[in-house]
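Here's the structure we're looking at; comments come further down.
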Amino acid sequence: MDHDTIPGYNYDNSTILGFGYDNITEDYKVVKMLRSKSQNCFKVTIYSQKSNTWRRIKDCPYDIPINYNDGAYINNAIHWVGDEIFSGRNVIFGLHLNTEEYFEVPEGKRSSEDKKCGAYYCEGFSYMNVGVLGGCLCVSRDFSSCPIEDHVNIWVMKEYGVKESWTELLYLSRNQWVTNIFHTRAVGYARDGNKVLLDDGGGQQPAWFNLEDESSHLLCIPGAPQLVSTIIYVESLVSVS
């Protein structure tokens, strides 16, 4: 398999990572964020495969939960969820691989009536586990403080950058779901589009959620360890060599 070795690479549990392809300069890039011990920020370096070097860029203006450190690549940018350092505001943000500028993704309505639990909610959720589903940006909303039942919603941005295109895809309550819902990340659709593969960050096996009848079952992989974390493998004609 075609591969490349990244020089000077150090990693620990406090490191935030992202990987993507800059389609403007036609260059594979790795983003590494390391929390500063002396300052309340993340120091950021970016690796260019073309130049085979690491380079410091502007500090990240958001605090990223270590539990949700996998960046989601779409539209020439890597995305995370985090809190604005000075205000604490919870946001979805991206780092553009070409301009190396940070930007916020417009969010959908924060107030609505949940038809499942029957409760009105406003600011009672936080974002977690941003990802890419069917070529669209997606994100989980954590409602662990819901007065009726703890639950998670997964939303999909049907048209990138368009606030009004956010669409709720599914609803998971703590009681009905088969894994730890508060680390749930959407991985991909089944071929028929009727099911979504969900991963809980390695706590248990991945699970299928049926969008039609809202049933679920664990994806049992023969010979796999009990704790499995799932990623999507996408082949490319663009070599790393």
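For the sequence shown, the residue numbers in UniProt numbering are 1 to 241.
Where is the CB? At the ideal position from N, CA and C, for every residue including glycine.
Computed from a predicted structure; not experimentally measured.
Closest by C-alpha distance to residue i, when choosing among the options
i      : options                          : result
Glu104 : Val162, Asp150 and Asn153        : Val162
Asp22  : Lys50, Asn90 and Asp2            : Lys50
Gly18  : Glu26, His3, Ile24 and Gly94     : Gly94
Leu137 : Ser165, Glu149, Arg56 and Ile221 : Ser165
Thr230 : Ser215, Trp208, Ser216 and Ala77 : Trp208
Asp192 : Ser173, Gly223 and Gly134        : Gly134
Ser14  : Tyr160, Thr53, Ser36 and Ile6    : Ser36
Pro7   : Leu198, Leu34, Trp54 and Asp27   : Trp54
Cys220 : Leu237, Glu235 and Leu198        : Leu198
Asn10  : Pro225, Ile46, Asp27 and Glu159  : Ile46
Asp27  : Thr5, Glu159 and Asn52           : Asn52
Contact belief for residue i with residue j at Cβ below 8 Å, rounded distance in angstroms
i      : j      : result
Lys29  : Ser48  : 6 Å
Ile106 : Glu84  : Residue identity differs from the one stated: residue 106 is Pro in this sequence, not Ile. In fact, because the Cβ distance is near 15 Å, the residues do not count as touching under 8 Å.
Glu149 : Asn175 : 7 Å
His79  : Gly71  : 6 Å
Leu211 : Leu170 : 6 Å
Tyr73  : Gly20  : 4 Å
Cβ pair residue i, residue j closer than 9 Å
i      : j      : result
Asp142 : Val152 : yes
Asp213 : Pro206 : no
Ser239 : Thr184 : no
Leu232 : Val196 : Residue identity check: residue 232 is Ile in the sequence provided, not Leu. Cβ distance not < 9 Å, so Ile232 and Val196 don't count as in contact.
Ile64  : Ile16  : yes
Asp59  : Val81  : no
Ser216 : Trp177 : yes
Ile24  : Asn76  : yes
Where the beta strand (DSSP E) through residue i begins and ends
i      : result
Ser216 : Ser216 to Leu218
Gly223 : Premise fails: Gly223 is in no beta strand (DSSP E) and is neither H nor E.
Thr15  : Thr15 to Asp22
Tyr189 : Arg185 to Tyr189
Cys136 : Cys136 to Phe143
### Message
With three or more beta-carbon pairs closer than 8 Å as the criterion, would you say the region 34-43 touches the region 87-107?
### Response
Segments in contact, no.
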